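Quick note: the sequence shown uses the UniProt record's numbering, first residue 1, plus one each step.
C-beta: ideal position from N, C-alpha, C; glycine also.
Since the model is a prediction, treat every value here as computed from it, not as a measurement.
Below is one structure, written out as structure tokens, with a few remarks after it.
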Amino acid sequence: MRNIAVVEDEDKAAEQLEGHLQRYTREHARGGGNISFNVVRFRDAETFLSSYAEDVFDIVFMDIELPDMNGMEASARLRERDDEVIIIFVTNMAHYAIKGYEVRAFDFIVKPVTYTDLALKVKSALALADRKRGKTVWISNKEGRAALRTTDIRYVEVVQHMLIWHTTHGDIKASGSLGDAEKLLVGEHFEYCNRCYYVNLRFVTAMRQYDVWLGDEHLQISRSKRNRFARALGDFLAGGD
């Protein structure tokens with residue numbers, strides 16, 4: 001389920017946008033896809049911002065011409081609270097939407113919104129959301145079960161038959177093999193740098209000879225893994241999957 005906010009004061013425009021999103025889910029279902037949207041509509045920016053919670057919405061469709069507070073100002077305030085959420089402007093005034101770079105807007109759509117235009121933007125936005133937010137995996141150990149977002153996992157280390165999940169919030173130990181971790185993290189931009197470390201490419205800050213750096217921490221790259229790791233990192237930085 002993807003959560004989408006529509007900040008739009010015009011009923012007709014909001015209904016049209018929601019109708020296109022419903023069509024998008026139907027067409028993907030016919031093609032064997034499994035996408036569903038929870039669409040929440042807000043009539044003004046103040047209401048949207050007052051109820052906003054970080055990490056709730058994947059995409060925000062923001063009308064620029066809103067009463068009281070316009071969409072550009074609302075987006076600037078939104079960025080003060082959430083640096084990751086994807087903003088797509090919906091407007092009659094394309095020349096204002098072009099200024100979206102100031103609030104790091106993902107894109108804009110000109111009214112009246114066509115299905116073709118929206119479908120292209122949504123497809124790209126969802127791909128970006130997946131790359132940014134990742135998915136949730138569950139780790140079991142003696143203390144119970146822990147939910148980890150893949151974008152919080154820096155790397156996974158194996159020591160004998162114990163996995164150490166190095167995350168941005170601390171380390172979690174659990175029994176298992178790196179093969180087990182690999183199955184959980186398929187498609188999440190991880191790569192082996194040697195037989196002991198499975199690294200999240202999102203956290204790689206540098207690669208020099210046979211060392212990979214994750215901020216101040218560095219891990220060794222084995223000779224046999226170096227070329228594959230370098231290719232995977234290059235593809236990730238270029239936006240590939």
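Please report the distance separating the alpha-carbon of residue i from that of residue j.
i	j	result
residue 139	residue 153	12 Å
residue 240	residue 189	Reliability fails at residue 240, whose pLDDT of 49 lies under 50, so the model's placement of it is uncertain and no value is given.
residue 43	residue 125	23 Å
residue 117	residue 61	13 Å
residue 9	residue 196	54 Å
residue 181	residue 47	42 Å
residue 32	residue 23	14 Å
residue 173	residue 147	13 Å
residue 165	residue 90	41 Å
residue 17	residue 145	40 Å
residue 35	residue 27	10 Å
residue 107	residue 185	29 Å
residue 191	residue 122	28 Å
residue 203	residue 151	9 Å
residue 29	residue 57	22 Å
residue 95	residue 142	58 Å
residue 232	residue 216	21 Å
residue 51	residue 120	29 Å
residue 110	residue 39	20 Å
residue 158	residue 178	6 Å
residue 230	residue 113	42 Å
Starting from residue i, follow its DSSP beta bridges and name the residues at the other end.
i	result
residue 220	211
residue 5	40, 60
residue 108	89
residue 166	155, 171
residue 146	139
residue 206	213
residue 70	Residue 70 is not bridged to any residue.
residue 200	190
What residue from the options has the CA that sits closest to residue i's CA?
i	options	result
residue 170	218, 186, 156, 223	156
residue 200	168, 176, 174, 177	168
residue 187	40, 109, 235, 36	235
residue 14	29, 79, 66, 56	66
residue 160	175, 109, 151, 150	175
residue 6	95, 177, 45, 30	45
residue 37	11, 3, 70	3
residue 115	21, 219, 220	21
residue 59	177, 41, 205	41
residue 68	92, 55, 49	49
residue 80	88, 104, 64	104
residue 54	133, 163, 12, 25	133
residue 1	135, 88, 63	135
Quick one: does residue i have its CB under 9 Å from some CB of chain B?
i	result
residue 121	Included in the structure is just one protein chain, with no chain B present.
Does the segment 83-93 come within contact of the segment 120-140, defined as at least 3 CB pairs closer than 8 Å? yes
Evaluate the contact criterion for the segment 223-230 versus the segment 201-214: three or more CB pairs, one atom per stretch, below 8 Å. yes
Do the segment 67-76 and the segment 94-106 make contact, defined as three or more Cβ pairs closer than 8 Å? yes
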